[in-house]
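*Asks:* Have a look at this one before I ask anything.
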Amino acid sequence: MKQRSIIMDPFIQTNETDDFSSKSIFKTKEVQQMIYENQNPIDCTNRHLLIISEHDCGIGSQIHVHGLLLGYALEYNWTAVWSKNVNYAWPNSVFCNDTVGFDCFFERISKCEESDAKNASYLHKIKPERLFIPHQVKTVLNRSSLAPENWFFYWRIMSTLYMVRFNNKTHEYMNNIRNQMLRNPRDEYDFFLHVRHGDKAVEMKLIDTKNYLKPILMMQKLLQRNLSILVSSEDPSAINYFVENEHLFESVSYFDYPRSNEGYMQNRGKYFDVAMKSFANIRESQKAKMIIGTFGSNWNRLVFELHQTHLIDTPYPYFEVGCQACITQYQCRKKNQTYDLDW
Numbered sequence: 000m001k002q003r004s005i006i007m008d009p010f011i012q013t014n015e016t017d018d019f020s021s022k023s024i025f026k027t028k029e030v031q032q033m034i035y036e037n038q039n040p041i042d043c044t045n046r047h048l049l050i051i052s053e054h055d056c057g058i059g060s061q062i063h064v065h066g067l068l069l070g071y072a073l074e075y076n077w078t079a080v081w082s083k084n085v086n087y088a089w090p091n092s093v094f095c096n097d098t099v100g101f102d103c104f105f106e107r108i109s110k111c112e113e114s115d116a117k118n119a120s121y122l123h124k125i126k127p128e129r130l131f132i133p134h135q136v137k138t139v140l141n142r143s144s145l146a147p148e149n150w151f152f153y154w155r156i157m158s159t160l161y162m163v164r165f166n167n168k169t170h171e172y173m174n175n176i177r178n179q180m181l182r183n184p185r186d187e188y189d190f191f192l193h194v195r196h197g198d199k200a201v202e203m204k205l206i207d208t209k210n211y212l213k214p215i216l217m218m219q220k221l222l223q224r225n226l227s228i229l230v231s232s233e234d235p236s237a238i239n240y241f242v243e244n245e246h247l248f249e250s251v252s253y254f255d256y257p258r259s260n261e262g263y264m265q266n267r268g269k270y271f272d273v274a275m276k277s278f279a280n281i282r283e284s285q286k287a288k289m290i291i292g293t294f295g296s297n298w299n300r301l302v303f304e305l306h307q308t309h310l311i312d313t314p315y316p317y318f319e320v321g322c323q324a325c326i327t328q329y330q331c332r333k334k335n336q337t338y339d340l341d342w
């Protein structure tokens with residue numbers, strides 16, 4: 000069954016239509032405008048500010064934590080901002096000298112700054128409650144075909160979409176990475192797959208690289224043609240596996256740079272470089288029709304969330320090779336499984 004998004008349940012009936020765009024998830028523009036107005040108030044002078052603290056984790060996990068804090072700010076009419084007094088590890092480079100926090104990579108999270116808010120109240124080091132959704136978003140979703148147990152995933156997509164808006168300077172930097180390092184560049188790919196190895200073994204059983212091959216071979220048989228793939232991984236052996244088996248596909252594309260299968264803890268001192276190369280991969284992934292990954296990885300989920308906002312009408316599925324038994328409402332109902340996308 001073709002669905003505009005895997006989070007929508009085709010068996011829930013609603014008269015509500017998305018009057019903003021047929022190419023977006025339900026009420027995308029409305030919710031993005033809601034976030035933007037809260038983050039960019041008319042006057043910052045007396046605004047309550049929520050200071051985004053540093054979190055010692057990978058960049059995908061960081062962005063998801065920032066999204067939760069964005070939700071708290073919306074709920075309580077605060078504005079989430081970066082602070083010059085916080086040492087954010089990932090945007091740590093001379094490239095970022097004229098910015099604060101992740102504004103180094105993305106469009107500004109807010110027009111408000113600590114120095115502007117002369118009489119501001121501050122909230123520091125809030126610990127986000129798991130699965131928190133701002134009440135304004137719940138009001139919107141009451142009109143949707145989305146089952147309440149999956150509202151948090153909707154909010155994850157919306158907060159990620161607001162956070163991950165690359166600025167022009169970052170686009171230029173990623174363009175250079177693409178021009179110098181991307182092997183077999185294409186305007187469009189059939190598959191994008193990110194093989195999450197490295198330090199992920201402390202949280203989950205790592206997925207054998209060969210498992211990522213199965214969906215490709217299945218779709219090639221179904222479509223009766225070889226397919227193009229874009230491969231991403233911190234594990235050099237995963238990249239090499241697909242390069243060595245290139246004869247099985249139409250083409251194999253990947254960013255060609257040294258990899259050591261390390262996790263974020265081992266990358267201290269080179270966070271900025273890792274971040275930019277990762278962002279170049281995620282931007283390129285938006286040119287793919289299909290994704291193979293595992294929802295056990297924050298980075299895989301980030302790729303998927305952005306893909307859901309960019310290619311909403313794609314007729315092709317997402318392939319889960321790890322922790323999920325089913326990934327659509329329809330599929331889970333057929334398998335008598337619980338549909339769980341809450342992480």
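Residue numbers 0 to 342, in numbering that gives the first Met the number 0, belong to the letters of the sequence shown in order.
A virtual CB, placed ideally from N, CA and C, is assigned to each residue, including glycine.
All figures in this text were calculated on a predicted structure; none of them were measured in a lab.
(1) Give me the Cα-Cα distance between residue 238 and residue 333, rounded to the nearest whole angstrom.
(2) Look at the alpha carbon of residue 128 and the alpha carbon of residue 99, and state the distance between them as a whole number of angstroms.
(3) Using 8 Å as the threshold, is the region 206-224 in touch with the region 242-252, meaning 3 or more CB pairs across them?
(4) With distances taken Cα to Cα, identify the nearest neighbour of residue 148 among 257, 132, 52.
(5) Grab me the residues of residue 236's own chain with a C-beta within less than 6 Å of its C-beta, minus the 5 sequence neighbours each way, in chain order.
(6) Suppose contacts are defined by Cβ-Cβ distances below 8 Å. Is residue 72 in contact with residue 176 by that definition?
(7) Relative to the alpha-carbon of residue 134, which residue among 82, 34, 188 has its alpha-carbon at the smallest distance?
(8) Distance, Cα to Cα, residue 344 vs residue 211?
(9) Go ahead and pull the three-state DSSP assignment for residue 83.
(10) Mind reading off the beta-carbon distance from residue 150 to residue 271? Whole number of angstroms is fine, and I expect it under 8 Å.
(11) Which residues in the same chain have their Cβ closer than 6 Å to the Cβ of residue 157, if we skip the five residues on either side of it in sequence?
(12) Taking only three categories from DSSP, how would you classify residue 72?
(13) Can you give me the start and stop residues for the alpha helix (DSSP H) that residue 240 sits inside?
*Replies:* To lay it out plainly:
(1) For the purposes of this step, residue 238 is taken as the residue at position 239 of the sequence shown. For the purposes of this step, residue 333 is taken as the residue at position 334 of the sequence shown. Approximately 35 Å between the Cα atoms of the pair.
(2) Here residue 128 refers to the residue found at position 129 of the sequence shown. Here residue 99 refers to the residue found at position 100 of the sequence shown. In a straight line, the C-alpha of residue 128 is about 25 Å away from that of residue 99.
(3) By the criterion of at least three beta-carbon pairs nearer than 8 Å, the region 206-224 is in contact with the region 242-252.
(4) Counting from one through the sequence shown, the residue named residue 148 turns up at place 149. The alpha carbon of residue 148 has as its nearest neighbour, out of 257, 132, 52, the alpha carbon of 132.
(5) In the sequence shown, counting from the first residue as 1, residue 236 sits at position 237. Hits under 6 Å: none found.
(6) In the sequence shown, counting from the first residue as 1, residue 72 sits at position 73. In the sequence shown, counting from the first residue as 1, residue 176 sits at position 177. In this structure, residue 72 sits away from residue 176, with a CB-CB distance that is not shorter than 8 Å.
(7) Along the sequence shown, read from residue 1 onward, the residue named residue 134 stands at position 135. It is 34 whose Cα lies nearest to the Cα of residue 134.
(8) Since the first residue of the chain shown is 0 and the last is 342, residue 344 is not available in this structure.
(9) Within the sequence shown, residue 83 is the residue found at index 84, counting from 1. Residue 83 falls in the coil class under three-state DSSP.
(10) Against the sequence shown, residue 150 aligns to sequence position 151. Against the sequence shown, residue 271 aligns to sequence position 272. The pair is not a contact, with the Cβ atoms about 35 Å apart (cut-off 8 Å).
(11) The count along the sequence shown starts at 1 and reaches residue 157 at position 158. Contacts found: 30.
(12) Counted from its first residue, the sequence shown places residue 72 at position 73. Reduced to three states, the DSSP call for residue 72 is helix.
(13) Numbered from 1 along the sequence shown, position 241 holds the residue referred to as residue 240. Annotation: the continuous alpha helix (DSSP H) that includes residue 240 extends over 235-243.
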